[in-house]
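One structure is given here, and the rest of the page talks about it.
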Amino acid sequence: GQQVMQIPQYQHVQEGEDFTTYCNSSTTLSNIQWYKQRPGGHPVFLIQLVKSGEVKKQKRLTFQFGEAKKNSSLHITATQTTDVGTYFCAGVQTGNQFYFGTGTSLTVIP
Amino acid sequence: GAVVSQHPSRVICKSGTSVKIECRSLDFQATTMFWYRQFPKQSLMLMATSNEGSKATYEQGVEKDKFLINHASLTLSTLTVTSAHPEDSSFYICSARALWRESAEAFFGQGTRLTVV
Numbered sequence: 024g025q026q027v028m029q030i031p032q033y034q035h036v037q038e039g040e041d042f043t044t045y046c047n048s049s050t051t052l053s054n055i056q057w058y059k060q061r062p063g064g065h066p067v068f069l070i071q072l073v074k075s076g077e078v079k080k081q082k083r084l085t086f087q088f089g090e091a092k093k094n095s096s097l098h099i100t101a102t103q104t105t106d107v108g109t110y111f112c113a114g115v116q117t118g119n120q121f122y123f124g125t126g127t128s129l130t131v132i133p
Numbered sequence: 369g370a371v372v373s374q375h376p377s378r379v380i381c382k383s384g385t386s387v388k389i390e391c392r393s394l395d396f397q398a399t400t401m402f403w404y405r406q407f408p409k410q411s412l413m414l415m416a417t418s419n420e421g422s423k424a425t426y427e428q429g430v431e432k433d434k435f436l437i438n439h440a441s442l443t444l445s446t447l448t449v450t451s452a453h454p455e456d457s458s459f460y461i462c463s464a465r466a467l468w469r470e471s472a473e474a475f476f477g478q479g480t481r482l483t484v485v
C-alpha cells in the first residue's frame with residue numbers, strides 16, 4: 024500500500040504566487056523522484072534526488088531531499104498557468120519497486 | 369527517449385466479461401513493468417510488479433485471480449481484468465523503469481480508461 028504521503032492534497036494559487044508540496048515517507052529512501060501529471064495525461068518524470076540534503080533546481084522549480092532521506096519538497100516560484108497539474112513524489116526503496124505519494128493537485132488561477 | 373505504449377486507451381465492457389490491457393516497451397527491453405490503478409483525483413496505486421518470465425508480485429489487497437498479469441516477453445506485459453464489475457472501472461496505467469539511465473526513471477504508458485457497465 025501507500026507508504027509515501029504528500030501534503031497538501033489540493034492547492035489553489037493565484038498566478039504569480041509560490042507553491043510548495045511536501046512528501047514524507049515512513050521509511051528511509053534510497054532516492055526520490057518527482058513526476059508531474061497533467062489533467063488527462065500520464066505522469067512525466069521531472070527529477071531524481073539521491074543524496075541526503077540534496078537541492079536541485081529546474082528554472083522556477085526547486086527540489087529538496089531531506090537529511091534523513093525520508094522527506095522531500097518541491098517549490099515552484101511565481102506559478103504560471105502551465106504549472107497546472109498533479110505533482111507526485113515517488114519514493115524508491117532498495118530494489119526495483121517504488122511507491123507514489125498521494126499527490127498534490129495544483130490549480131493556478133489566472 | 370524510452371517509449372511505453374499502452375492499448376487500448378479506452379474500453380467499455382459489460383459486467384462479467386474480461387478485458388485485456390497491453391503494455392509494450394517500444395524501444396527498450398523491460399524485465400520489469402509496473403501496473404497501477406488511479407481513481408479520479410487520486411494517486412497511482414501500485415497493483416503489481418510484472419516480471420518477465422516469472423510470476424507477478426501483487427501488492428497487498430490486490431486479487432491476483434482477478435487481475436491476471438502476464439509478462440511473456442521483454443517488451444510486453446498484459447493485465448487482464450477478469451469477470452469485470454462496475455467497481456473495477458478505473459484508470460489503469462503501466463510503467464517501466466529505464467534502469468540503464470542514471471536516474472532509472474519510470475516511463476508510463478498512456479493509460480487505459482476502463483468502464484464496466
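Keeping their order, the protein sequence lines are chains G and P.
Residues in the first sequence are numbered from 24 upward in steps of one, following the working numbering.
Residues in the second sequence are numbered from 369 upward in steps of one, following the working numbering.
For every residue, glycine included, the Cβ atom is placed at its ideal position computed from N, Cα and C.
Item, Value
"Beta strand (DSSP E) segment containing Phe435 of chain P, residue limits", "Phe435 to Ser441"
"Chain P within 8 angstroms of Tyr122 of chain G, Cβ atoms only", "yes"
"DSSP three-state assignment for Ser386 of chain P, whether helix, strand or coil", "coil"
"Anticipated Cβ contact below 8 angstroms, Trp403 of chain P with Leu447 of chain P, distance rounded", "5 angstroms"
"Contacts of His65 of chain G in chain P (Cβ-Cβ under 8 angstroms)", "Ile461, Phe476, Gly477, Gln478 and Gly479"
"Span of the beta strand (DSSP E) around Leu84 of chain G", "Leu84 to Phe88"
"CB contact check: Leu412 of chain P to chain G, cutoff 8 angstroms", "yes"
"Reference Ala464 of chain P, options P:Gln428, P:Ser451 and P:Thr417, closest by Cα", "P:Thr417"
"Under 7 angstroms by beta carbon: chain G residues contacting Ser386 of chain P", "In chain order: nothing, as chain G lies at least about 24 angstroms away."
"Residue closest to Leu97 of chain G, alpha-carbon to alpha-carbon, out of G:Thr109, G:Thr104 and G:Ala91", "G:Thr109"
"Cβ-Cβ distance between Thr127 of chain G and Gln37 of chain G below 8 angstroms", "no"
"Beta-carbon proximity of Thr102 of chain G to Pro133 of chain G, cut-off 8 angstroms", "no"
"Exposed unless 16 or more other CB atoms sit within 10 angstroms - verdict on Lys82 of chain G", "exposed"
"Local Cβ density within 10 Å of His439 of chain P, reported as buried at 16 or more and exposed below that", "buried"
"Test: Gly51 of chain G CB closer than 8 angstroms to a CB of chain P", "It should be pointed out that residue 51 of chain G corresponds to Thr in this sequence rather than to Gly. Chain P, which has no Cβ nearer than 8 angstroms to the Cβ of Thr51 of chain G, makes this no."
"Burial state of Thr480 of chain P, where buried means 16 or more other Cβ atoms lie within 10 Å", "buried"
"Chain-ordered chain P contacts of Thr125 of chain G [CB-CB under 8 angstroms]", "Gln410 and Ser411"
"Cβ contact check for the region 389 to 397 of chain P and the region 57 to 77 of chain G: 3 or more pairs under 8 angstroms", "no"
"Amino acids of chain P, ordered along the chain, whose beta-carbon sits closer than 9 angstroms to that of Ser128 of chain G", "Lys409"
"Positions along the region 70 to 100 of chain G whose CB lies within less than 7 angstroms of some CB in chain P", "Gln71"
"8 angstroms Cβ cutoff met for Leu442 of chain P and Gln397 of chain P", "yes"
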